[in-house]
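Asker:
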Amino acid sequence: MTGFLAVLRREVQLARVGGGDLMTLLLFFVLVGALMPFAIGPDKALLSRIAPGVVWVSALLALLLGLDRLFRSDFEDGSLRAFHNATISLEAIVLAKLVAFWLTVILPLLIAVPVHALLLGMNGDILLRTLVSLGIGTPGLLALGAIGAAVTVSLRHGGLIGPVLILPLAVPVLIFGIGAVSPPPAPGADRVALLFLSALSLVLVAIAPFVAGLALRLSED
Amino acid sequence: MTEFSALPARRLTTKALACRRGDRLLFGGIDLDIGPGEALVLTGPNGAGKSSLLMCLAGLIASEGEIGWHGRDEDERPGADIHLLSHLPALKPGLGVGDNLRFWTDLNGGDRSLIAPALEAARLGHATRLRAGLLSAGQTRRLSLCRLLVAPRPVWLLDEPTSALDKQGDAWVTGLIDAHLAAGGLAVIATHLPLALAAKTWALALGEAA
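Those sequence lines, one after another, are chains A and B. Heads up, the first sequence is in the working numbering, so the first residue is 1 and it goes up one at a time. Heads up, the second sequence is in the working numbering, so the first residue is 1 and it goes up one at a time.
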């Protein structure tokens, strides 16, 4: 447990000293949403209808953009190598890093969602539902992204391959994430979508540390 | 910082240890038997496989033959009795010297009260609050070595421990290894500089035949 907390503390410290990166990511997230009214035109009804989708896609893009830093710097400065001899398993370290990433990168994005709501004309009910579905879905997306980041960590120019690898796999999460927000085609379908989203997220978070840990073990070879 | 408490005894044996990188056989047929309080000094030209041998022993890269670590507790995580000092610093330039060391202390199950004396011995006592990125190459190396001191472990795998260090640093590292061995530790050291160790040392020259 000491080891787990140590990783968590270090990641939060690193996020604080490298705060500029996170701010950039946050701005990117907001700006993608802000672009939509210009790209689509000032059709308020249309904008507010697609708003949850825009928020989800912006969150996915911002997440993928930030994921490369998850393991790369640890790989390059030799920390990853030293993690093998820690008192806790590599899987536990990966999990700690994921928790820290969610807290330092994704939570600020969620807090910025109301800005999207303003720009795209979301009403309060939809905003709340979007936040709930993002809150449940982003751990799953992050877990997928961690697998991608771990698999590509030893590739010298792997920065873009990870996201491209993961993007197709993120489609189910996206479908159920949106399904939980948009007007249901049948009564109760949004609740079912939310349950599916929770199940997906849980499964992904449960397996990601093991898959990523395996990939990281092989990365030294 | 030359007095270490007694370390649990470990014995390292290998039988016909070999390592391939790509198609090339780096080394093969290495039989070792190193007991507690003993050191193995690896020498050889660049690319002879010194670092790879250390990585094999640490279990980081695949090898052929047998590697046996004897004396491990059943319930201990394999590898949690090993310190591997590679040529990479494993430090975060953005964090403070003390923060970096505190992290490795906690992660490796060390003792926080050892941090201050370790930094003092490494002549970094004045720089605890400094960002690690501001340290010179030699100071960075010293800080990496501190990682070994804050969490005492019986096995040290050292890759060029004296690289980038000054004369005083060389002597410091030699003293550290001596103290480690005197406490019953085991060390495998890849080095170009001859180390004047007091304890029993084995020598292995890699890449001579090639």
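The beta-carbon is built from N, C-alpha and C at its ideal position, and this holds for glycine as well.
Let me know the secondary structure DSSP gives PHE83(A) once reduced to three states.
Answerer: Your numbering for residue 83(A) matches position 83 in the first sequence. PHE83(A): helix per DSSP, three-state reduction.
Asker: Whose C-beta lies closer than 6 angstroms to the C-beta of ALA215(A) among residues of the same chain, with five residues either side of it excluded?
Answerer: Stepping through the first sequence from its first residue, residue 215(A) is reached at position 215. These residues qualify, in order along the chain: ALA150, VAL151.
Asker: Would you say ARG72(A) lies against chain C (beta-carbon separation less than 8 angstroms)?
Answerer: Looking for chain C here will not work: the only protein chains present are A and B.
Asker: Given a threshold of 16 other Cβ atoms within 10 Å of its Cβ, counted over all protein chains shown, does ASN46(B) qualify as buried or as exposed?
Answerer: Counted from its first residue, the second sequence places residue 46(B) at position 46. Answer is exposed; the Cβ neighbour count stays below 16.
Asker: Just checking my contact of LEU144(A) with ILE166(A) at CB under 8 angstroms: how many whole Å lie between their CB atoms?
Answerer: By one-based count along the first sequence, residue 144(A) stands at place 144. By one-based count along the first sequence, residue 166(A) stands at place 166. About 5 angstroms separates the two Cβ atoms, so the contact holds.
Asker: Taking beta-carbon pairs under 9 angstroms, can you tell me which members of the region 98-109 of chain B lie near chain A?
Answerer: Those residues of the region 98-109 of chain B that come within reach of chain A (Cβ to Cβ, closer than 9 angstroms) are ASP99, ASN100, ARG102, PHE103, TRP104, THR105, ASP106, LEU107, ASN108, GLY109.
Asker: Look up THR2(B) in the DSSP assignment and say whether it is helix, strand or coil.
Answerer: Translated into the one-based positions of the second sequence, residue 2(B) becomes position 2. Since pLDDT at THR2(B) reaches only 49, below the 50 mark, its modelled position is unreliable, and no value is offered.
Asker: What would DSSP say about THR24(A), mapped onto helix, strand or coil?
Answerer: Against the first sequence, residue 24(A) aligns to sequence position 24. THR24(A) falls in the helix class under three-state DSSP.
Asker: Would you list the residues sitting across from GLY96(B) in a DSSP beta bridge?
Answerer: Numbered from 1 along the second sequence, position 96 holds the residue referred to as residue 96(B). Beta-bridge pairing links GLY96(B) to ARG131(B).
Asker: Let me check understanding here. Comparing Cα to Cα, which of GLY169(B), ALA190(B), ALA132(B), LEU197(B) lies closest to ALA182(B)?
Answerer: Here residue 182(B) is taken as the residue at index 182 of the second sequence, counted from 1. Out of GLY169(B), ALA190(B), ALA132(B), LEU197(B), LEU197(B) has the C-alpha closest to the C-alpha of ALA182(B).
Asker: Could you tell me how far apart the beta carbons of ILE189(B) and LEU42(B) are, in whole angstroms, since I believe they sit closer than 8 angstroms?
Answerer: On the second sequence, position 189 is the one that residue 189(B) refers to. On the second sequence, position 42 is the one that residue 42(B) refers to. With a Cβ gap of about 7 angstroms, ILE189(B) and LEU42(B) count as contacting.
Asker: Assess contact between the region 71-80 of chain B and the region 84-100 of chain A, defined as three or more Cβ pairs (one per stretch) separated by less than 8 angstroms. Is contact present?
Answerer: Short answer: they touch.
Asker: For GLY213(A) and chain B, any beta-carbon pair shorter than 8 angstroms?
Answerer: Indexing the first sequence from 1 puts residue 213(A) at position 213. Not one chain B Cβ lies under 8 angstroms of GLY213(A).
Asker: May I have a chain-ordered list of the beta strand (DSSP E) segments no shorter than 3 residues that lie completely inside the region 107-167 of chain B?
Answerer: Complete beta strand (DSSP E) runs here, min 3: 155-159.
Asker: If you draw a straight line from the alpha carbon of LEU25(A) to that of GLY59(B), how long is it in whole angstroms?
Answerer: Here residue 25(A) refers to the residue found at position 25 of the first sequence. Here residue 59(B) refers to the residue found at position 59 of the second sequence. The straight-line gap from Cα to Cα measures roughly 37 angstroms.
Asker: Among the residues of its own chain, which have a CB less than 8 angstroms from the CB of VAL12(A), if the five just before and after it don't count?
Answerer: Reading the first sequence from its first residue, position 12 is the one you call residue 12(A). So the qualifying residues of the chain are ALA100, LEU103, THR104.
Asker: Can HIS70(B) and ARG11(B) be called in contact, C-beta distance under 8 angstroms?
Answerer: Translated into positions along the second sequence, residue 70(B) becomes position 70. Translated into positions along the second sequence, residue 11(B) becomes position 11. Contact: yes.
Asker: In whole angstroms, what is the alpha-carbon distance linking ALA209(B) and GLY29(B)?
Answerer: Taking the second sequence and counting its residues from 1, one reaches residue 209(B) at position 209. Taking the second sequence and counting its residues from 1, one reaches residue 29(B) at position 29. Only weak support is given to the placement of ALA209(B): the predicted model assigns it a pLDDT of 49, under 50, and the value that follows is read from those uncertain coordinates. Cα to Cα, ALA209(B) sits roughly 12 angstroms from GLY29(B).
Asker: Within 10 angstroms of the Cβ of GLY188(A), are there 16 or more other Cβ atoms? Answer buried if so, exposed if not.
Answerer: For the purposes of this step, residue 188(A) is taken as residue 188 along the first sequence, with counting starting at 1. When all chains shown are included, GLY188(A) counts as exposed.
Asker: Could you give the DSSP three-state label for ALA174(B): helix, strand or coil?
Answerer: For this step, residue 174(B) is matched to residue 174 along the second sequence. The question names Ala, but residue 174(B) is Thr in the sequence shown. Helix at THR174(B).
Asker: Find the nearest neighbour of ASN123(A) within the set ILE50(A), ALA34(A), GLY3(A), judged by alpha-carbon distance.
Answerer: Taking the first residue of the first sequence as 1, we reach residue 123(A) at position 123. Checking every option, the nearest Cα to that of ASN123(A) belongs to ILE50(A).
Asker: Mind checking whether LEU206(B) and GLY49(B) have CB atoms under 8 angstroms apart?
Answerer: As a working mapping, residue 206(B) is identified with position 206 in the second sequence. As a working mapping, residue 49(B) is identified with position 49 in the second sequence. In this structure, GLY49(B) lies closer than 8 angstroms to LEU206(B) by Cβ.
Asker: Relative to the C-alpha of PRO93(B), which candidate in ALA132(B), LEU85(B), ALA116(B), GLY68(B) has its C-alpha closest?
Answerer: Translated into positions along the second sequence, residue 93(B) becomes position 93. The option with the nearest alpha carbon to PRO93(B) is ALA132(B).
Asker: Let me know the secondary structure DSSP gives THR191(B) once reduced to three states.
Answerer: Indexing the second sequence from 1 puts residue 191(B) at position 191. THR191(B) falls in the coil class under three-state DSSP.
Asker: With a CB to CB cut of under 7 angstroms and the five nearest residues on each side skipped, what residues in its chain are close to THR2(B)?
Answerer: Taking the first residue of the second sequence as 1, we reach residue 2(B) at position 2. The predicted position of THR2(B) is uncertain, since its pLDDT is 49 and thus under 50; a value taken from the coordinates is nonetheless stated next. GLY175, ALA179.
Asker: Can you pull the DSSP bridge partners for ALA18(B)?
Answerer: Counting from one through the second sequence, the residue named residue 18(B) turns up at place 18. Bridge partners of ALA18(B): GLU64(B).
Asker: Are the C-beta of ARG81(A) and some C-beta of chain B separated by less than 8 angstroms?
Answerer: Along the first sequence, read from residue 1 onward, the residue named residue 81(A) stands at position 81. It does: the Cβ of ARG81(A) has a partner Cβ on chain B nearer than 8 angstroms.
Asker: Please return the same chain residues whose Cβ sits closer than 6 angstroms to the Cβ of LEU194(A), not counting the five positions on each side in sequence.
Answerer: As a position in the first sequence, residue 194(A) is number 194, starting the count at 1. Closer than 6 angstroms at Cβ, skipping near neighbours: ALA180.
Asker: Just by C-beta distance, which residues in the region 89-110 of chain A are closer than 9 angstroms to chain B?
Answerer: Listed in sequence order: SER89, ILE93.
Asker: Indicate whether LEU85(B) and PRO161(B) have their beta-carbon atoms separated by less than 8 angstroms.
Answerer: As a position in the second sequence, residue 85(B) is number 85, starting the count at 1. As a position in the second sequence, residue 161(B) is number 161, starting the count at 1. Yes.
Asker: Tell me whether ASP31(B) sits in a helix, a strand or coil according to DSSP, three-state version.
Answerer: Residue numbering aside, residue 31(B) sits at position 31 when the second sequence is read from its first letter. Of the three classes helix, strand and coil, the one that applies to ASP31(B) here is strand, per DSSP.
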